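Per our numbering, the very first residue in the sequence shown carries number 221; after that it's consecutive.
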Amino acid sequence: MTSTEPIDQRKLRQAIVAAFNENELRTLCFDLKIDYEALPPGSKVDKARELVARCLREQRIDDLLTVCEAARPKIGWRAMVETAVSSTTTPPFMGLKYFDIANADLFFGREALTEELAAHLQTNSFLAVVGASGSGKSSLVRAGLVAPLQQSSPNLLVHVFTPTDHPLEAMATALTRNSSSIGVTAKFIDAMAQDRRSLHLAGRRLVKEGQKLLLIIDQFEELFTLCRSEEDRQAFIDNLLTAVAAEANSQTNRPIRAVIALRADFYHHCAQYDDLRRLLEKQQRFIGAMNPSELRRAIEEPAKRSGLTFESGLVDLLLRDVGAGGDQPPEPGALPLLSHALLETWRRREGNQLTFAGYTEAGGVQGAIAKTAETVFQDQLSPEQQTIARNIFLRLTELGEGTQDTRRRALISELIPANDAAEATQTVLNLLSKARLVTTDEETAEVAHEALIREWPTLRLWLNDNRDGLRLHRHLTESAHDWQELGRDSGELYRSSRLAQTIAWASQNDDNLNDLEREFLAASKKAQQQEIDESQAQQQRELEQAQQLAGAEARAAKRARNFNLALVAILLLVVAGAVALLNAQRSQAIAEGVSAEATVAARETAVAAQQVDADGDGLSLTEETEYGTDPTRRDTDLDDLDDGREIAIGSDPLNPDSDNDGRIDGEDNNPLRPDISTNYIVPSDDTTRFQLEEVNLFNDFLNGGARSITGLSISKDNRAVAAGSFLEGDSGESAAIYIWLINGLLITPYEIETGIHGSVLATSFSTDPGIRLHAAIGSTVISLDPFSEGWVEAWLYNLSGDGLNEPCSAAFHPDGGSLLVGGRAKWAYFQLLANGLGFVESNSQNYNTNACYTDAIFSYGGTYFGLIEDEGQDESVFVGEVINRSFGRPFNKSVSGVIDMALSPDNEVLALGYENGRVELYDYSERSSSPPLLYPIEAHPSFANAVFSPDGTILATSSPQEGIVRLWRVDVEDAPILELDSEANGVTSLIFSPDGHYLLFGTTEGEVHVYGMPEVEK
């Protein structure tokens, strides 16, 4: 008797109770290798019931019958338990598996919806079925939709596939499955990668006269969760959209149609692709939960088809347990739980009836999956096998970033090593597959359903125990795979800190590595050692060359000294001879000179009388000729530059910079020497310098009412600077914006009183031709255009309409095209349009209405954005990707008191500034929620802010309660390399220019300081 053949549990239990006493029952358990003491306490009847149920769960009924026959051979054990219901040998319930096309006769409850979707495809070439995880999307598009379409189109060709991590390969394999040539599939992949018309043309070639082609792309979200190539993703989408668009515009009968099934929580990923977004807006159907009557049909009808019945009241209990009591729809994600509970109840059926006892024994709707998984794990696997199973489940789970963890399809070769452990791993994989916890095909394996990931506490514990380690391992897996795919290219190997971190992790988790990962790490270590050896050899060669050069120079210097000594001796002899000759002639010269002295004196007096100080510059013409000056130009400070040229080139007589490299002569060998002798802005053509040290908001604009500077920005060509004012509390004043435009030698300042109450949170110059300034002020965003008479308002947008009444922070994207705003309990993302803002998305990580999202930032390249969530007593740090505008898991280090954050230009280092004045730098290369601390910096007495230079080598820090800006090297933990004193009470805004040439900061005194930043010599 096989484990799937039906038995009468009640008859078998009653026979065991009647045939064996308690000691004999203990012996039966011993023969079956089942711990008698582990059976539930109670009577012999209770223990017999559990024994039968356990053997049924573990598919060991045949073993139980064998030991019973051996102990009581005269009883017809097998004949007694056989049932006449032969139609129930195949379960009518799918458990965690979806209903496929072959199971269409068992798929009930969605009849009205499938009819509606089929009708849609009669007149349209595309359909997106969108729904939550566990809503039955896969079963609907496979078992529900295909059958009616095949009835209406008998010659329908159906190709069902999922994108996997290589979507073009999946598409090509599905469409060329009937071809025996591998080359056809490979050529199709290459064609789709190069030409978006390839799928359309291939589809047309596949269908013959009277045929139609239906593409069903299930689990469309794999395009975003598994595929790591943006080129492949874009090519897949382009080919799909071109194919369905061509059909939509066709005047024929549209032989090619496509259906995608997409998880709702990945819908926003599609919005990044404009054509796909527009198509989804028109051609989608969002499916919800089945209503109670539909759900009842889904439960009862498959059982009826198989000749099964339910014990009275059991279906009502099932509906209540999934939350569908009365007229209520079931809870989200309940369908796979229900299906698995039905399957497990079927396995515990009594004859042809599903019973309350079987349902209770299975664990009910909420506990059936966890009970099945835990039973298999604890009772059927040895400790060694449990370790293997744990590794398999972890490899088959994709960690979510701001979304739920999902299934990950993995190659079986990734799971099974090539060493002695291969057989043991294959055995465990077979056991998990037999229990329907894992599904496998010829090459891949995956978790049977994501409900298992959600509902099995043991797996959740594994996943949450060390998510950072799992991410590191996943990165290693993918890197090793890429290395293998690229012919083991050495450029793909790990190096430096990533290699060191991975080796440290691997030393503690060697059992979790497969053969390819071990080979990859070994090759990485070998390559790095070779590079170190080569570097040391090169250094040794350079040292030897330097020593040889130093020896040669020393010998040359010695020869030069000997030559100089000889020359001095010769000169001394010559001088001695000349002195002797001079003494001999002196007496005669004195006598002859007496008579001429009077004549010479008279001539000099006459010449002096004729020369005057014609230009009044205090120098006679002779003196002017001697010093080389031009009498038509003034040089009042005697710096060797006439007064007219000083203004143009901004020279410093005490610190000349003859080579215009931003460093004074004599300091050119200093690795970092900001030009602090004068404060300049240099336009991008680098022909002229402008002195901005005189720009003082207190004197120029505010007439004694100094305001702190905030929202500082500089245009990409360094020809315009903008700043705003910070207003303490409810001052009733309107915010001001200050702009400096640089044109030739002219610096034109502007003050714009906006009439808007609130502080200026951020400013940004547009990157379009011409210039436009955008500013976020309180709950208002304003755009200003320059005109000859000043700046005028182009448009104004009120954020209150988007629920942002009290914005706490704002940041403009580096490309000037979008805006991030942090408000109370929510944040929002906008596109900057020609006539206002376009709302894109808003979200919240916290429903505490007191929480405020402060310090909105973008990374230098605009790939990432970040916010600090301040709840008053606690703070959380969030970093998200701009492409999907969603955050990953919050930074779960202790960040109490954090007020500022910054990402390095390579997005590898995260800097956090704290109220206590400390700045902490973290290794953020793995995008981990618990990144390792690189080192702390005691930057300021309190309230530290930080910003990276665009090349990532320098970190600048400031504090609103200290007027000093400090510069630090990022790559070494050391004292600051420079301090810049603003002579103000505090620094309230700090930025680098986009090209890194300038450091700008605003102060509490209403001043803006600009410093030149020479490139850091490597």
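Ideal Cβ placement from N, Cα and C applies to all residues, glycine included. Computed from a predicted model, the values in this text were never measured in an experiment.
The beta strand (DSSP E) spanning residue i covers which residue range?
i	result
methionine 218	No answer is possible for residue 218: it lies beyond the span of the chain, which begins at 221 and ends at 1238.
valine 667	664-667
phenylalanine 381	376-381
glutamine 504	504-506
leucine 993	993-997
alanine 1030	1029-1032
serine 984	980-985
Taking its Cβ as the centre, do 16 or more other Cβ atoms sit within 10 Å of residue i, making it buried, or is it exposed?
i	result
asparagine 1165	buried
lysine 357	buried
tyrosine 1073	buried
asparagine 375	exposed
phenylalanine 328	buried
phenylalanine 250	exposed
aspartate 723	In the sequence under discussion, the amino acid at residue 723 is isoleucine, which differs from the aspartate named in the question. Label assigned to isoleucine 723: exposed.
glycine 533	exposed
proline 387	buried
serine 986	buried
tyrosine 1155	exposed
proline 1027	buried
serine 513	exposed
serine 716	exposed
threonine 1239	Residue 1239 lies beyond the residue range present for the chain, which begins at 221 and ends at 1238; the question has no answer from this structure.
aspartate 833	In this predicted model, aspartate 833 has a pLDDT of only 42, less than 50, meaning its place in the structure is not dependable; the value taken from the coordinates is given anyway. So aspartate 833 counts as exposed.
glutamate 570	buried
leucine 347	buried
glycine 545	exposed
One question on the structure: do residue i and residue j come within less than 8 Å of each other, judged by their Cβ atoms?
i	j	result
glutamine 229	valine 287	no
isoleucine 519	leucine 333	no
alanine 700	phenylalanine 740	yes
alanine 1014	glycine 931	no
serine 1209	histidine 1229	no
leucine 1040	alanine 1031	yes
tyrosine 1017	leucine 1057	yes
proline 1125	tyrosine 1084	no
arginine 483	valine 349	no
isoleucine 612	glutamate 675	no
leucine 993	alanine 942	yes
leucine 649	leucine 635	yes
alanine 742	leucine 733	no
glutamate 330	glycine 351	Per the sequence shown, the amino acid found at residue 330 is arginine instead of glutamate. Not a contact, by the Cβ cut-off of 8 Å.
Could you spell out where the alpha helix (DSSP H) holding residue i opens and where it closes?
i	result
glycine 578	576-582
alanine 537	Reading off the sequence shown, one finds leucine at residue 537, where the question assumed alanine. Unbroken alpha helix (DSSP H) run through leucine 537: 534-541.
tryptophan 676	Counting along the chain, tryptophan 676 falls outside any alpha helix (DSSP H), and DSSP gives it neither H nor E.
histidine 701	687-705
histidine 488	487-490
histidine 340	331-343
asparagine 1063	That residue, asparagine 1063, is in no alpha helix (DSSP H); its beta strand (DSSP E) goes 1056-1063.
asparagine 611	603-615
aspartate 266	264-277
histidine 420	418-426
Roughly how far, in whole angstroms, is the beta-carbon of residue i from the beta-carbon of residue j, given that I think they are within contact range, below 8 Å?
i	j	result
serine 1179	valine 1207	7 Å
alanine 390	alanine 455	So it is not a contact: roughly 12 Å between Cβ atoms.
leucine 683	threonine 617	6 Å
leucine 284	leucine 252	7 Å
leucine 1123	glycine 1086	7 Å
proline 549	alanine 523	Actually they are not in contact, since the Cβ atoms of proline 549 and alanine 523 sit about 22 Å apart, beyond 8 Å.
phenylalanine 997	leucine 981	In the sequence under discussion, the amino acid at residue 997 is isoleucine, which differs from the phenylalanine named in the question. With 8 Å as the limit, isoleucine 997 and leucine 981 qualify as a contact, their Cβ atoms being about 7 Å apart.
valine 1190	valine 1097	About 19 Å; that fails the 8 Å criterion.
### Query
Using 8 Å as the Cβ pair cut-off and three pairs as the minimum, do the segment 333-353 and the segment 392-407 touch?
no
### Stretch-stretch touch, CB-based, cutoff 8 Å, three pairs: the segment 563-575 with the segment 623-643
No: the two stretches stay apart, fewer than three of their Cβ pairs being nearer than 8 Å.
### Query
Are the segment 523-540 and the segment 361-378 touching, with three or more C-beta to C-beta distances below 8 Å?
no
### Task
Take every Cβ of the segment 686-699, pair it with every Cβ of the segment 1142-1151, and state whether three or more of those distances are shorter than 8 Å.
yes
### Query
Is the segment 1219-1229 touching the segment 1191-1198, taking contact as three or more C-beta pairs under 8 Å?
Fewer than three beta-carbon pairs drawn from the segment 1219-1229 and the segment 1191-1198 are found closer than 8 Å, and the two stretches are therefore not classed as touching.
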